[in-house]
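Peer 1: I'd like to ask some things about the structure below.
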Amino acid sequence: MGEKKVRIGFYALTSCYGCQLQFAMMDEILQLIPNVEVACWFMIERGSYEDEPVDIALIEGSVSTEEEIELVKKIRENARIVVAVGSCAVQGGVQSWEKDKPLEELWKTVYGDAKVKFQPKMAEPVSNYIKVDYNIYGCPPEKKDFLYAIGTFLVGSWPEDIDYPVCLECRLRGNTCVLLEKGEPCLGPITRAGCDARCPAFDVACIGCRGAVGYDVAWFDSLAKTFREKGLTKEEILERMKMFNAHNPKLEEMVEKVFQGVKE
Amino acid sequence: MKNVYLPITVDHIARVEGKGGIEIVVGDDGVKEVKLNIIEGPRFFEAVTLGKKLDEALAVYPRICSFCSAAHKLTAVEAAEKAVGFTPREEIQALREVLYIGDMIESHALHLYLLVLPDYLGYSSPLKMVDEYRKEIGIALDLKNFGSWIMDELGSRAIHQENAVLGGFGKLPDRSVLEDMKKRLKEALPKAEYTFELFAKLEQYEEVEGPITHIAVKPRNGVYGIYGDYLKASDGFEFPSEEYRDHIKEFVVEHSFAKHSHYHGKPFMVGAISRLVNNSKLLYGRAKELYEGHKDLLRPTNPFANNLAQALELVYFTERAIDLIDEALAKWPIRPRDEVEIRDGFGVSTTEAPRGVLVYALRIENGRVSYADIITPTAFNLAMMEEHVRMMAEKHYNDDPEMLKLLAEMVVRAYDPCISCSVHVARL
C-alpha cells in the first residue's frame, strides 16, 4: 500500500443494518484503520458525508423509496468501486418476497388509509438502478466475505464470485442431508456457498439467504422436481424460492418447466 | 417585521441503527415543533408474511432488525407456539433465555461503547478512539464478541439465528460448550462491572428531567428476566399481554414510516430503565448491590438513565445466564426439539428486547400466518422520544445550533433506537 489512504463509504438504504453490523463487529477492522479513511458511515461515524468521493462504496439495503434512487445514483457518481452488500442490496431482500403484489395493497395492509410525506416504492436490488461492480452475498454476509473482498481491493486486485452451491460445503462437513434424508425443503442445492453450510449443520433447512448461484447454474428446475416429488405444490415451491430470489429472472421460468401440463 | 428562523435539522442521525432525522422548528416564541423523521423505507413485514407458511414467516421476522434479531426470532417463535398451544420444556426455555441474553450483552455493549461513549469523550466515531481509549475499546470488543459467541453457539450465528425453531432448537451444543460458557460468563463479569462504573460517571442532563410512564414486561417466575405474560406500567396498572391493544394505541404520523404509540392517551417509555423502574425488586446478586448503591443515578425521570441501566443489565444478565445454564445442565442430556403440531390459533408473546418491550401477535390458520401484528420498542418510544428532544430544544434553542444538534442526538441515542425495527410497522 502507498501512503495514500483508501477512502471508503458505507451507505444504508432500507434494511435491518445487519451487514453494517457484521462489518462493524469484525475485530479485523482495527487492522484496517491505518489503511482506510471513512468518508461516510452513519452507523459509526457522526462526521459522515454522502457527497464525498470514495474509492470503495459499500451499499447495504434495497432501494425502497424515491429518495433512495437518487442516493444510489449519487453514490455511483462519487465512487470508483461500488459493492452491493447483502441480500437486500444484491437481491432486493426479504421485503421483496411479495414483489408481484401491488404496493398499494401492502401499504393498505400495514398503514390503512394513512399517508406519510415520503414516497415509498417496492423494494429492488441496487443493480436495477446503477452499475454494481461486485456483490457480497448473505443475510448477513460472513465476516470472511468482507475480509476477502476488501482485502483483495486493498492489494489492487479483484475478488471472484463463488459459483458452487451450499450443498458442496454441506457434504464436505459430513452433515446429514436435510433434504434427502429428512425430507425438508432445503434450498442448499441452488444457493451460493460461502457460509460453510451454517444452517444444515444445525439440522435446519437452508432458506437460500445468499441467493441463487450465479452464471445460470442454479438448477431451480431440478430442485423444483425434487420438491414436487416430496409433495410440494408449485405455489409452495415458488414461495420458498422467492424468499431471497424474488427478483431472479430465471426462477419462475425454470420452476414452470417442471409443472408444464401438470394440473395442480 | 417577524424574525425568520431556519429549522435546525439533523438529516441522518449517526450512530443509531437505521435511518432517521431530527427537525426542530423555532419561532418567535421559542420551539414550535420537534419531529423525528423516520425516513427508512417501509418494509411491510406483516404484509409480506401474511398467508405464508409458519416456518418461512419465522425465518423472515428476525430480519426486521439485526441488533435484536434473536429477540425478534424468539418472540415470534413464542407467539407461534402459544398460537398452536405448545409449551416448551423448562430446560429449553432456559437455554432460549441464554440465547436472548447473548443478544442483550452484544447489543448493550455495542450501544454503550460504540454508539454512546464517543459523544461523551468528544469523538465523532469509536474508530477514532482506538489510540486514546484502548482499554475501553478492548472491553467493548470483548463483551460484544462474547455475546456474539453465545448466539453463534446456541443460535447458529450472531445475526439472524436459524437455530431457534418451533419446539426448541435444531441442534444443541455439547455439554462442554455450556460448561465453557459458564466459565466465560464469570470472566466477563469484571468487564461488565467496569462498564457500569464508567457510565456511572457520565452526565445525566437535567434539561430532560420530568415524569415518565414506564412500561415493561412483568417477568415470569418472579425473577428479573426477559419473558413474561403480563405488561406492567409504572402507574401500578398491569394487564395480560393479549390485551395490549386495549391499553396501547398506535397511530400514523405523517413525518414517519414508523407509527407512534400512546398508553392510555399519553407517550410512555420502554427499555432498560423501564425494566429497572418496574422490576428492580426482582434483581439479585451483584446487580442488586450496584442498583442499591446508585438509585440516585438510575432515576425514573430521566431518559439518560437508560444508558446506565443497560450497563447494570450487563452485570445482571451475565450472572443470570450462569444460573440458567445450571438449570439446563441439571437436566442433561437435553433433547433439542419436540414435534409441534401446527393447529389453528392465536398467540401473543411479549418479551424484553434489549431496547424494551417487543410484541408479536400471530394468528395461524391451516399452517399459515393469517394475521400478524408486531410492535417494536422503538415504535413504542417514538412519541416520548420526541417529547424529550423537545425539552432539550426548549433549553438550548438559543445556543450554538451545532451544540443543540449534538444534544438532541444524544437524547435519541440514550433511547438506543432501532429504526429499522420501527418501520416494519403493524396493521391498523
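So the sequence lines, in the order shown, correspond to chains G and V. Just so you know, our numbering puts the end of the first sequence at 264, numbered straight through with nothing missing. Just so you know, our numbering puts the end of the second sequence at 692, numbered straight through with nothing missing. We put the beta carbon where it would ideally sit given N, CA and C, even for glycine. Remember, it's a predicted structure, so these values are computed and weren't measured experimentally.
#1: Please confirm if the region 332–339 of chain V is in contact with the region 610–620 of chain V, defined as three or more CB-CB distances below 8 angstroms between the two stretches.
#2: Taking only runs that begin and end inside the region 90–175 of chain G, name each unbroken beta strand (DSSP E) of 3 or more residues, in chain order.
#3: I need the straight-line Cα distance from V/Tyr-269 to G/Ile-29, nearest angstrom please.
#4: Please classify V/Lys-545: is it buried, with 16 or more other beta-carbons within 10 angstroms of its beta-carbon, or exposed?
#5: Sort G/Gln-22, G/Asn-248, G/Glu-229, G/Cys-170 by Cα distance to G/Tyr-215 and report the nearest one.
#6: Alpha carbon to alpha carbon, how far is V/Asn-570 from V/Ile-272? Give it in angstroms, no decimals.
#7: DSSP on G/Gly-9, reduced to helix/strand/coil?
#8: Go through its chain and collect everything with a Cβ distance to G/Met-122's Cβ below 7 angstroms, but skip five positions before and after it.
#9: Closer than 6 angstroms by C-beta to V/Ala-321: which residues in its own chain qualify, once you throw out the five before and the five after it? Chain order, please.
#10: Among the candidates V/Gly-284, V/Ile-286, V/Gln-357, V/Ser-505, whose CA atom is the shortest distance from the CA of V/Ile-598?
#11: Please check if any C-beta of chain G sits within less than 8 angstroms of the C-beta of V/Gly-434.
#12: Beta-carbon of V/Ser-525 versus every beta-carbon of chain G: anything under 8 angstroms?
#13: Within the region 265–344 of chain V, note down every full beta strand (DSSP E) run reaching 3 residues or more, in order along the chain.
#14: Would you grab the beta carbon distance between V/Val-676 and V/Ile-302 for me? Rounded to a whole angstrom, and I think it's under 8 angstroms.
#15: Name the chain G residues that come within less than 7 angstroms of V/His-276, Cβ to Cβ?
#16: Got a sec: which bits of the region 94–107 of chain G sit with their beta carbon under 7 angstroms from any beta carbon on chain V, in order along the chain?
#17: Quick check: the region 419–428 of chain V against the region 478–489 of chain V, are there 3 or more CB pairs under 8 angstroms?
#18: According to DSSP, is V/Lys-435 helix, strand or coil?
#19: Buried or exposed: which applies to G/Gln-31, given that a residue is buried once 16 or more other Cβ atoms fall within 10 Å of its Cβ?
#20: Using the beta-carbon count (16 or more within 10 Å), is V/Arg-439 buried or exposed?
#21: Using C-beta distances below 6 angstroms, list every residue in its chain close to V/Gly-256, excluding the 5 sequence neighbours before and after it, in chain order.
#22: Quick one: what's V/Asp-637 bridged to in DSSP?
#23: So, does the region 461–481 of chain V touch the region 442–449 of chain V, judging by three or more C-beta pairs under 8 angstroms?
#24: Assign G/Ser-157 to buried or exposed, taking buried as 16 or more other Cβ atoms, counted over all protein chains shown, within 10 Å of its Cβ.
#25: Would you call the CB atoms of G/Ile-207 and G/Met-243 closer than 8 angstroms?
#26: Could you spell out where the beta strand (DSSP E) holding V/Leu-495 opens and where it closes?
#27: Looking at the C-beta of V/Asn-248, does it have a partner C-beta in chain G at a distance below 8 angstroms?
#28: With burial defined as no fewer than 16 other Cβ atoms inside 10 Å of the residue's Cβ, what is the status of G/Cys-16: buried or exposed?
#29: Which residue from V/Ala-343, V/Glu-467, V/Phe-308, V/Gly-529 puts its Cα closest to that of V/Leu-385?
#30: With a threshold of 8 angstroms between beta carbons, is G/Lys-203 in contact with chain V?
#31: For G/Tyr-49, is the classification buried or exposed, using 16 other Cβ atoms within 10 angstroms of its Cβ as the cut-off for buried?
#32: Taking only three categories from DSSP, how would you classify V/Ser-613?
#33: Which of helix, strand or coil does DSSP assign to V/Gly-535?
#34: For G/Glu-28, which three-state DSSP category applies?
#35: Just how far apart, CA to CA, sit G/Val-82 and V/Leu-646?
#36: Is any beta-carbon of chain V found at less than 8 angstroms from that of G/Gln-22?
Peer 2: With the given structure in hand:
#1: yes
#2: Within the region 90–175 of chain G, the complete beta strand (DSSP E) runs of at least 3 residues are 120–124, 134–136.
#3: When rounded, the separation of the alpha-carbon atoms in V/Tyr-269 and G/Ile-29 is 42 angstroms.
#4: Exposed, because fewer than 16 other Cβ atoms sit within 10 Å of the Cβ of V/Lys-545.
#5: G/Asn-248
#6: 26 angstroms
#7: strand
#8: Lys-99, Leu-103
#9: Thr-313, Val-633.
#10: V/Gln-357
#11: yes
#12: no
#13: 272–274, 284–291, 294–302
#14: Between V/Ile-302 and V/Val-676 the Cβ distance is about 11 angstroms, and since that is not below 8 angstroms, they are no contact.
#15: Going along chain G in sequence order, the residues near V/His-276 (Cβ under 7 angstroms) are Phe-42.
#16: Val-94, Gln-95, Trp-97, Glu-98, Leu-106
#17: Not touching, per the Cβ criterion.
#18: coil
#19: exposed
#20: exposed
#21: Residue 256 of chain V lies beyond the range of chain V shown here (265 to 692); nothing can be said about it.
#22: V/Ala-625
#23: no
#24: Classification of G/Ser-157: exposed, given that the 10 Å Cβ count is below 16.
#25: Their beta carbons are under 8 angstroms apart, which means G/Ile-207 touches G/Met-243 by this criterion.
#26: 494–497
#27: Look at the range of chain V in this structure, 265 to 692, and you will see that residue 248 of chain V is not part of it.
#28: buried
#29: V/Glu-467
#30: Sequence inspection shows Asp at residue 203 of chain G; the Lys mentioned does not correspond to that position. G/Asp-203 belongs to the set of residues whose beta carbon lies under 8 angstroms from a beta carbon in chain V.
#31: Exposed, because fewer than 16 other Cβ atoms sit within 10 Å of the Cβ of G/Tyr-49.
#32: Strand, per DSSP.
#33: Reduced to three states, the DSSP call for V/Gly-535 is coil.
#34: coil
#35: Their backbone Cα atoms lie some 34 angstroms apart in a straight line.
#36: yes
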